[in-house]
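K.L.:
There are 2 protein chains.
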Amino acid sequence: MSSLDGPEHTPVPPPILNPAGGANQVRVRAYNERLVLSLVRLYGALSKADIARRSGLSAQTVSVIMRVLEKEGLLSRGAPVRGRVGQPSIPMHLNPDAVYSFGLKIGRRSADLVLMDFVGRIRMQLHQTYAYPLPDEILAFVTSGIEEIESRLDDKQRSRIAGLGIAAPFELWNWAEEVGAPPGAMEVWRDVDLQADIAARVSHPVFLQNDATSACGAELVFGVGPSYPDFVYFFIGSFIGGGIVLNSAIFSGRTGTAGAIGPLPVRDRNGETKQLLEIASIFVLENMLRERGIDPEPLWYSADDWVDFGEPMEVWIQDSAKALAQAIVAAASIVDFSAAVIDGGFPDWVRSRMVQATIDEAAKLDLQGVVMPEIIEGAVGAQARAIGGASLPIFSRYLTDQNVLFKEIDHAEGT
Amino acid sequence: MSSLDGPEHTPVPPPILNPAGGANQVRVRAYNERLVLSLVRLYGALSKADIARRSGLSAQTVSVIMRVLEKEGLLSRGAPVRGRVGQPSIPMHLNPDAVYSFGLKIGRRSADLVLMDFVGRIRMQLHQTYAYPLPDEILAFVTSGIEEIESRLDDKQRSRIAGLGIAAPFELWNWAEEVGAPPGAMEVWRDVDLQADIAARVSHPVFLQNDATSACGAELVFGVGPSYPDFVYFFIGSFIGGGIVLNSAIFSGRTGTAGAIGPLPVRDRNGETKQLLEIASIFVLENMLRERGIDPEPLWYSADDWVDFGEPMEVWIQDSAKALAQAIVAAASIVDFSAAVIDGGFPDWVRSRMVQATIDEAAKLDLQGVVMPEIIEGAVGAQARAIGGASLPIFSRYLTDQNVLFKEIDHAEGT
DNA sequence: AATAAATAAATCCAATTGAATTATTAATTC
DNA sequence: GAATTAATAATTCAATTGGATTTATTTATT
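Protein sequence lines correspond, in order, to chains A and B. For the first sequence, full-length UniProt numbering gives the first residue as 1, with consecutive numbering after it. For the second sequence, full-length UniProt numbering gives the first residue as 1, with consecutive numbering after it.
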């Protein structure tokens, strides 16, 4: 074909990629087992025949896999479903007690330790507040907390703990000032490898993920995830953070901070450019209350302790909604998310008001050509970060929400 | 474990997902074959032993697969490499003539039809300009063009054509005004299913993708892609558009327009909020030239025909750079891209000035907490859209850059 | 009788394992 | 310097492994 000649374009630069590995039966079986478990989790309960239809695997293959999973105690059989022609089908569901997992949420004002079961229910929890977090205190809290919770389990139950997932803010030393910590107090965090330190004191695998990303993961798995394949997620804590779900999977990005969203430039009430986190964070409300001589302590403890703080809270919600609306438009201009999910460390009634205000503010913006996502409330709530953390060990070992076979699941695992 | 009790969170809403299918040997083989071809493409040439190491497959497996691929003519062997201990390795490379593919780029001012080979080289090309595009003219151009190009191929070559990939703007009828089309002239596009119409006249599989997304795909495969696993891509054509690469794969989103970027709100020179496309598009430069009585026609034909238009062009570059810098910060706040790639339907020297200006403008912005991407020039250039289009049929059938085994490759295929 | 779920047995197929073959360089001996 | 031997690496042949499919059968229901 020498007659075909044309311009060549720029030559390929030296590749740095190391693509995925090849496939073999062992991996195929591991994948199919996870697929079965994930399908069961997603639908609550499915018969072997259902799984065969939904997975495209043969009935026999599914039969074999599910028998093994049942024998291992991961699946249990429900009551036979009669009323249709043919042999009654036996719905299989996840055995809630098959796997437990610890979730540790570290915040600027409080820490939570939860024990979650295989179906995402919180079975025990511990809570601690502080003016600002310090590594030693956190370490003490998590080790004594795990000890205490485990003391209430029997040997069999303890052996079923898949690990500990930590949901923590990255770069805690930044914005120490905004949170009212004494100068320099947060600097210790610079040299702390929390995952390693905790892993050294705990006999389970330890996982670490950004706190907002974790909350997003909880929303994906236990909240609106099944209804929306792509969404941008905002979690309003002491500082606002967020996460991104693409193709029904958390996208955590190169540095693990995709969807951080905090530094996004928006215009404030006066038309000045500010970063989103300077407006739509709880520390802003806290400072507003303090300026007005109102005690902000109810904000710290539990979301249920919030009261209606009246005017300052209303201003904060309005300002935040305005900023969130702009953030959503910016996000939608970059990725055509089907939803924007807003949740936070506050009670449901605050979330409702925040979401409605954001919907109203979004309507005032120039939306020509923008595929606007549905703006909705998160379904998980204030505990989302701890739940997301706790789900890390479980997903790492038993489940998959990605249709990906050979890529390592990208939570870093310690030890 | 009845002693373990805790609050339950909101129950799962009815799922709508239909997750991926299960795995079996047939799919494994198909996947491994694509993996081998993709590795060879990425690295230019690799021996069987290299592939075995990089894929994690056994040498024997790779040997069998590659022998088949060689027999099918997709791979050919290079000269044995001596100079190292042991049997000399035989580098295998893609046979450029194993597969051909047509790429059709439809623009607001011109259309291109290219014939691309298996290694991404353009082997023939045709070009047509117009004041504005109309379906019938496009249809005539593509059918006669394909006929002409095929007439210069022999039977064997014709049989190796994998298909036709179209890179076209979505919603052509919008912004008809900005491009100077007579009122209503572009409305015909509303009722046209271009993919179907062309598929009915062409004997090859037809693929369709947004033009900017296609350009982005070309950059991923033939440009900077191998060096950057995630990047946001801007293609400055008559209208600016863009694309997104995540995990070394095009992310095209729910509506196929992820990374459209055009509607992103930015501040213009005067501090007013505008959409990115109202500033950083070639039609803006065109109008500026026309206002100053300068003939803008050189902009339309080929990128090589551009001349330095002096002051108005400088203003356009500055304005565009300012807007692009803001867009990059917004994008980086949402996803921690490793690079922001700028390319366009203009000559290389314009691209260089645009990128440098954008780097300068970005430095002036508030970047606290933002993980800024590297701002770099595209390596493919003005033909990126057509090349990206032409690569659709090839990737659909022979290659994979995603580590994904069971998800359908998401270019829609017609007929 | 028809239908559907579940499963046992036999078969198939792709990857792996282990051994053998081939081609080369490196080191040693004559 | 030439010949010999060892080491190394690429490739492939033959046998094995293991998981999915196919086919046939059983069970339970309308």
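Glycine included, C-beta positions come from ideal geometry on N, C-alpha and C. In this text the structure is predicted, and so the values were computed from the model without any measurement.
In this structure, does DSSP put residue 416 of chain A in helix, strand or coil?
P.N.:
The requested residue 416 of chain A does not occur in the structure, where chain A is confined to residues 1 to 415.
K.L.:
Going by the DSSP bridge assignment, what does glutamate 377 of chain B pair with across the sheet?
P.N.:
Answer by DSSP bridge pairing, in chain order: B:Ile342.
K.L.:
Would phenylalanine 251 of chain A and isoleucine 244 of chain A be called neighbours here (beta carbons separated by less than 7 Å)?
P.N.:
Yes, these two residues count as a Cβ contact at 7 Å.
K.L.:
Using three-state DSSP, classify glycine 117 of chain B as helix, strand or coil.
P.N.:
Note that residue 117 of chain B is aspartate in the sequence shown, not glycine. DSSP places aspartate 117 of chain B in strand when its eight states are reduced to three.
K.L.:
Based on Cα-Cα distance, which residue from A:Gly253, A:Leu264, A:Pro226 lies nearest to isoleucine 240 of chain A?
P.N.:
Looking at the Cα atoms, A:Leu264 is the closest of the given residues.
K.L.:
Given that residue 421 of chain A touches chain B, what residues does it touch there, using C-beta distances under 9 Å?
P.N.:
Past the boundaries of the shown model lies residue 421 of chain A; chain A is included only from 1 to 415, so the question cannot be answered.
K.L.:
Run through chain A and tell me which residues come within less than 8 Å of alanine 258 of chain B, C-beta to C-beta.
P.N.:
Under the 8 Å cutoff, chain A gives Ile334, Val335, Asp336.
K.L.:
Beta carbons nearer than 9 Å to chain B: which residues of the segment 71–95 of chain A have them?
P.N.:
Going along the segment 71–95 of chain A in chain order, one finds no residue with a Cβ nearer than 9 Å to chain B.
K.L.:
Which residues of chain B have a Cβ atom closer than 7 Å to the Cβ of valine 370 of chain A, listed in chain order?
P.N.:
Correct list: Pro263.
K.L.:
Could you tell me the distance, in whole angstroms, from the CA atom of valine 62 of chain A to the CA atom of aspartate 211 of chain A?
P.N.:
Using only the alpha carbons, I get a separation of about 37 Å.
K.L.:
Residues in its own chain within less than 8 Å of serine 58 of chain B by CB, not counting five upstream and five downstream?
P.N.:
Excluding residues within five positions, the ones whose Cβ falls inside 8 Å are Ala52.
K.L.:
Based on the DSSP output, what are the partners of methionine 92 of chain B in its beta bridges?
P.N.:
Bridge partners of methionine 92 of chain B: B:Leu46, B:Arg77.
K.L.:
Going along the chain, which residues of its own chain have a beta-carbon closer than 6 Å to the beta-carbon of leucine 246 of chain A, five neighbours each way excluded?
P.N.:
Cβ within range, chain order: Asp230.
K.L.:
Spell out whether any CB of chain B is found under 7 Å from the CB atom of valine 64 of chain A.
P.N.:
Chain B contact via Cβ: absent.
K.L.:
In chain order, which continuous runs of the beta strand (DSSP E) of length 3 or greater are located wholly inside the segment 191–233 of chain A?
P.N.:
Listed in chain order, they are 206–210.
K.L.:
In chain order, which continuous runs of the beta strand (DSSP E) of length 3 or greater are located wholly inside the segment 263–344 of chain B?
P.N.:
With a minimum length of 3 residues, the continuous beta strand (DSSP E) runs that stay inside the segment 263–344 of chain B are 265–267, 273–275, 339–344.
K.L.:
Of all Cβ atoms in chain B, is any one closer than 7 Å to the Cβ of leucine 4 of chain A?
P.N.:
Per-residue confidence for leucine 4 of chain A stands at a pLDDT of 45, beneath the threshold of 50, marking its modelled position as unreliable; no derived number is given.
K.L.:
Which of the three DSSP states is assigned to isoleucine 261 of chain A in this structure?
P.N.:
Three-state DSSP puts isoleucine 261 of chain A in coil, outside helix and strand.
K.L.:
For chain B, check one thing: does any of its Cβ atoms lie closer than 7 Å to the Cβ of asparagine 270 of chain A?
P.N.:
Answer no: the Cβ-Cβ gap between asparagine 270 of chain A and chain B never drops below 7 Å.
K.L.:
Who are the Cβ neighbours of isoleucine 294 of chain A in its own chain at under 8 Å, not counting the five residues just before and after it?
P.N.:
So the qualifying residues of the chain are Phe309, Pro312.
K.L.:
In the DSSP assignment, the beta strand (DSSP E) including arginine 397 of chain A goes from what residue to what residue?
P.N.:
Note, arginine 397 of chain A: premise wrong, no beta strand (DSSP E); alpha helix (DSSP H) at 384–398.
K.L.:
Against isoleucine 244 of chain A, what residues of chain B qualify as contacts under a CB-to-CB distance less than 9 Å, listed in chain order?
P.N.:
Simply Ile334, Val335.
K.L.:
For proline 80 of chain B, count neighbouring C-beta atoms within 10 Å of its own C-beta (all shown protein chains included) and say buried if the count is 16 or more, exposed if not.
P.N.:
Its Cβ having fewer than 16 others within 10 Å, proline 80 of chain B is exposed.
K.L.:
May I have the straight-line CA-CA distance separating glutamine 107 of chain A from alanine 185 of chain A, to the nearest angstrom?
P.N.:
The residue you asked about is not glutamine; residue 107 of chain A is glycine in the sequence shown. If I take the Cα positions, the gap works out to 15 Å.
K.L.:
What did DSSP end up calling glycine 241 of chain A once you bin it into helix, strand or coil?
P.N.:
Correct three-state label for glycine 241 of chain A: strand.
K.L.:
Measuring straight from C-alpha to C-alpha, what distance separates tyrosine 100 of chain A and valine 341 of chain B?
P.N.:
If you take the alpha carbons of tyrosine 100 of chain A and valine 341 of chain B, they lie about 45 Å apart.
K.L.:
At a Cβ threshold of 7 Å, is arginine 397 of chain B touching chain A?
P.N.:
Cβ-Cβ to chain A under 7 Å: no for arginine 397 of chain B.
K.L.:
Can you give the beta carbon distance from methionine 372 of chain B to alanine 362 of chain B, rounded, assuming they're within the 8 Å contact cut?
P.N.:
Confirmed, Cβ separation roughly 7 Å.
K.L.:
Could you please give the first and the last residue of the uninterrupted alpha helix (DSSP H) stretch that includes leucine 139 of chain B?
P.N.:
Per DSSP, leucine 139 of chain B belongs to the alpha helix (DSSP H) from 135–151.
K.L.:
Alpha carbon to alpha carbon, how far is alanine 131 of chain A from glycine 253 of chain A?
P.N.:
If you take the alpha carbons of alanine 131 of chain A and glycine 253 of chain A, they lie about 31 Å apart.
K.L.:
Any contact of the segment 317–334 of chain B with the segment 216–223 of chain B, i.e. 3+ C-beta pairs under 8 Å?
P.N.:
Result no; under three Cβ-Cβ pairs closer than 8 Å.
K.L.:
Is any beta-carbon of chain B found at less than 7 Å from that of alanine 23 of chain A?
P.N.:
So, interface residue.
K.L.:
May I have the straight-line CA-CA distance separating serine 396 of chain A from aspartate 155 of chain B, to the nearest angstrom?
P.N.:
So the two alpha carbons sit approximately 52 Å from each other.
K.L.:
Under three-state DSSP, which class holds methionine 124 of chain A?
P.N.:
Methionine 124 of chain A: strand per DSSP, three-state reduction.
K.L.:
Under a CB-based cut-off of 7 Å, is tyrosine 233 of chain B close to chain A?
P.N.:
With 7 Å as the cut-off, tyrosine 233 of chain B does not count as an interface residue toward chain A.
K.L.:
Determine the DSSP secondary structure at glutamate 187 of chain A, reduced to helix, strand or coil.
P.N.:
Correct three-state label for glutamate 187 of chain A: helix.
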